[in-house]
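Per the numbering used here, the sequence shown starts with residue 44, numbered consecutively.
Each remark here refers to the structure printed beneath this line.
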Amino acid sequence: MNDLQVHHHVTHIRCHKWITKMYYSFLHFTTSPTLPPGRRCSVPKLKRSVLSFIPILSWLPRYSVRQDALGDLIAGISIGIMHLPMGLAYALLASVPPVYGLYTSFYPVLMYCIFGTSRHISVGAFAVTSIMIGITTQRLAPNSAFMTLNGTNGTAVIDVVARDASRVQIAASTTVLSGIFLLLLGMIRFGFVVTFLSDPLVRGYMTGAGIQVVLSQLPNLFGITTGRFTGPLSQVYLLIDICRHLPETNIAAVVVTLVALAVLIAVKELNIYYEKKMPVPVPIELITIIVATLISYYCKLNSLYKVAIIGQIPKGLQPPRSPDISLWGSVVGDAFVVGIVGYALNISLGKIFGQKHGYNVDSNQEMVAIGLCNIVGGFFQCHAIAASPSRTLLQDSTGGKTQVVGLISSVLVLIFILQLGTLFEELPKAVLACIVIVNLKGLFMQFKDIPELWKSNKVDLLVWLVTLVCTILLNLDLGLAASISFAMLTVIFRTQLPLFVCWFVPQAKEVPGITIFRSSTTMYYTNAQLYLEALQEKVVQLFMTGRSPHHSNTENLLFNILN
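Below, the structure written as structure tokens:
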């Protein structure tokens with residue numbers, strides 16, 4: 044044994060002794076009776092921590108096959124069938140090839156089954172988060188950056204392969220970064236951050252995002268090619284560009300659009316009308332893409348009528364790939380906004396269905412779960428995920444009771460990726476655009492909030508409208524920041540301009556010496572002086588009008604603050 048080997052051997056022994064000593068010191072410290080009970084390390088406490096971090100270890104051993112299996116099987120098949128067209132369609136919103144939408148409906152769904160706490164929400168590709176990723180990919184990888192000269196006629200053409208590869212990398216890197224944000228925030232118990240997003244703000248934001256989704260799909264509906272715009276007023280520029288290119292409309296694409304819209308809308312309305320009579324709704328999206336693919340293939344819509352199709356869908360799964368860390372500086376703001384929006388969707392839907400079925404949804408664990416879904420999904424070239432309201436409602440209505448629904452739907456998506464994906468290469472993009480738009484019905488139904496908020500709370504209505512306008516005009520990232528700022532200003536103004544009243548209830552029995560003085564907002568240091576001045580003014584008014592219980596002794600007045 045030479046000197047170097049002796050040195051390494053001695054170093055190894057010393058390190059082993061040091062690690063052993065540190066281990067026993069830590070064990071003695073954490074089990075010491077002098078420590079407070081809350082800081083001692085114990086097996087039950089460790090078990091609770093592990094079960095809370097990995098919820099599947101808690102609910103899977105107690106899974107009831109007799110009570111839950113049939114409902115989960117039916118719901119899982121229904122959700123899996125719905126994932127297929129939605130994954131393909133929402134990939135277009137993210138500006139990545141359609142197969143990556145299928146990956147987004149597979150890997151993150153499996154992760155949520157392991158780490159999620161909601162038994163009823165259906166995560167995966169969703170329109171709002173997909174369009175947010177699409178805006179980022181188009182900004183960093185525009186078509187103009189991949190123009191090459193055709194060697195035959197010298198015209199400029201787009202290098203689609205290089206462009207798509209770049210956009211996939213950008214989408215995956217953004218998704219991983221958003222997952223890291225959520226994971227870190229969840230680990231430090233920061234789940235309460237969603238409370239700063241009020242319900243009118245979230246609903247107005249989702250409606251504005253839905254309008255952006257529709258505008259982004261109009262070129263596919265009309266079969267035209269438009270420019271890509273980013274930043275404030277990008278949607279205005281896009282709409283102007285669409286109008287400018289309308290004379291170039293592809294009539295065949297419009298016919299496909301009209302037929303697909305008519306079929307989708309009609310069958311979906313029939314599903315709603317006969318909801319109580321049918322065990323499961325008709326999977327019209329899947330039927331539509333199958334029929335459209337067959338018509339496109341046998342009628343040669345692409346070669347004869349220039350109808351755009353989704354193109355090559357590679358068979359099989361992609362190996363994991365590390366994100367491009369150099370891109371994080373350019374997408375840090377987009378990643379944070381995407382993560383917060385996706386988490387807000389998840390926790391709002393999770394709370395609703397948790398209250399409906401009588402169980403609690405852990406907001407911090409949900410943040411961790413969505414973060415891990417995005418991190419793992421990003422390594423497999425997925426884009427950011429969120430809970431889909433339409434899929435969640437379907438899962439609940441078809442009898443889904445646990446996260447096993449996600450496992451079953453993932454199996455269907457996996458089969459499609461491995462064996463059936465290549466059969467849909469002739470599917471027209473116009474059909475996918477129709478599926479996207481028709482499934483936005485729930486977002487546009489939120490316009491009914493306007494008359495309801497007008498009657499109940501005009502300040503909340505103002506927040507809803509300002510959020511809608513900011514989201515459309517300033518784009519999704521700046522629009523969210525501006526909307527949150529405006530909502531905070533309304534809170535400040537409400538605390539600085541409270542309503543002070545003295546209560547005189549005719550039906551109640553008046554207690555001598557007591558008058559109720561009510562403030563419409565919580566009293567704290569910024570409005571304490573306003574409260575005191577209003578109180579003094581009301582006291583003077585009471586004595587002047589003779590309504591005070593005791594005119595001669597103001598010290599006997601008891602003022603009860605009702606927040």
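Glycine residues also receive a C-beta, built at the ideal position from the N, C-alpha and C atoms.
Element boundaries [alpha helix (DSSP H), containing residue i]
i: residue 223; result: 203-230
i: residue 450; result: 447-458
i: residue 172; result: 170-183
i: residue 488; result: Residue 488 -> no alpha helix (DSSP H), and no H or E assigned at all.
i: residue 103; result: Unbroken run through residue 103: none, as it is neither H nor E.
i: residue 321; result: Run containing residue 321: none; DSSP gives neither H nor E here.
i: residue 417; result: 406-422
i: residue 402; result: Taken as a continuous stretch (DSSP letters only), residue 402 belongs to no alpha helix (DSSP H), as it is neither H nor E.
i: residue 288; result: 277-288
i: residue 158; result: 150-158
i: residue 425; result: Looking at the DSSP string, residue 425 is not in any alpha helix (DSSP H), and its letter there is neither H nor E.
i: residue 237; result: Note, residue 237: premise wrong, no alpha helix (DSSP H); not H, not E.
i: residue 480; result: 472-481
Of the residues the options, the one placed nearest residue i, counting alpha carbons only
i: residue 490; options: 249, 534, 517; result: 249
i: residue 328; options: 575, 474, 458; result: 474
i: residue 371; options: 86, 126, 138, 215; result: 215
i: residue 243; options: 333, 506, 576; result: 506
i: residue 399; options: 114, 138, 105, 162; result: 162
i: residue 207; options: 220, 190, 198; result: 190
i: residue 496; options: 508, 279, 322, 149; result: 508
i: residue 460; options: 336, 172, 147; result: 147
i: residue 457; options: 145, 284, 394; result: 145
i: residue 273; options: 577, 517, 359; result: 517
i: residue 183; options: 345, 377, 391; result: 377
i: residue 149; options: 227, 167, 471; result: 167
i: residue 226; options: 138, 383, 411, 349; result: 411
i: residue 139; options: 211, 315, 201, 582; result: 211
i: residue 420; options: 222, 202, 200; result: 222
i: residue 277; options: 252, 294, 487, 296; result: 252
i: residue 358; options: 462, 404, 332; result: 462
i: residue 383; options: 312, 367, 511, 172; result: 172
i: residue 387; options: 108, 177, 240; result: 240
i: residue 482; options: 291, 391, 309; result: 309
i: residue 360; options: 230, 229, 424; result: 424
Residue i, buried or exposed, once every other Cβ within 10 Å from all chains shown has been counted against 16
i: residue 501; result: exposed
i: residue 179; result: buried
i: residue 514; result: buried
i: residue 401; result: exposed
i: residue 69; result: With a pLDDT of 41 at residue 69, under the threshold of 50, the modelled position of this residue cannot be trusted, and the question is left open.
i: residue 271; result: buried
i: residue 188; result: exposed
i: residue 64; result: Note that residue 64 has pLDDT 48, beneath the 50 cutoff, so the model's placement of it is unreliable and the number below is only indicative. Under this definition residue 64 is an exposed residue.
i: residue 174; result: buried
i: residue 343; result: exposed
i: residue 434; result: buried
i: residue 155; result: buried
i: residue 98; result: buried
i: residue 471; result: buried
i: residue 72; result: Note that residue 72 scores 41 on pLDDT, short of 50, meaning its location in the model is unreliable and no value can be drawn from it.
i: residue 255; result: buried
i: residue 409; result: buried
i: residue 389; result: buried
i: residue 526; result: buried
i: residue 530; result: buried
i: residue 326; result: buried
Residues near residue i by beta carbon distance below 7 Å, same chain, minus five either side
i: residue 587; result: none
i: residue 356; result: 141, 142, 464, 465, 467, 468
i: residue 452; result: 119, 122, 123, 126, 152
i: residue 61; result: Here the model assigns residue 61 a pLDDT of 43, short of 50, so the residue's position is not dependable, and the following value carries that caveat. Once the five neighbours on either side are set aside, residue 61 has no close Cβ partner at all.
i: residue 445; result: 102, 106, 111, 115, 162
Cut-off 6 Å between Cβ atoms - residues of its own chain near residue i, not counting five sequence neighbours on either side
i: residue 478; result: 128, 132, 328
i: residue 159; result: 412
i: residue 169; result: 429, 431
i: residue 426; result: 137, 147, 176, 214, 218
i: residue 224; result: 379, 382
Sequence-distant residues of its chain with Cβ nearer than 8 Å to residue i (five each side left out)
i: residue 437; result: 118, 121, 122, 125, 165, 324
i: residue 285; result: 258, 261, 262, 265, 267, 269
i: residue 200; result: 190, 191, 192, 193
i: residue 340; result: 469
N- and C-terminal bounds of the beta strand (DSSP E) containing residue i
i: residue 307; result: It is not in any beta strand (DSSP E) - residue 307 instead sits in the alpha helix (DSSP H) that spans 294-316.
i: residue 192; result: 190-192
* Note down, one range per segment and in chain order, each alpha helix (DSSP H) of at least 4 residues found wholly within the stretch 329-359. => 344-348
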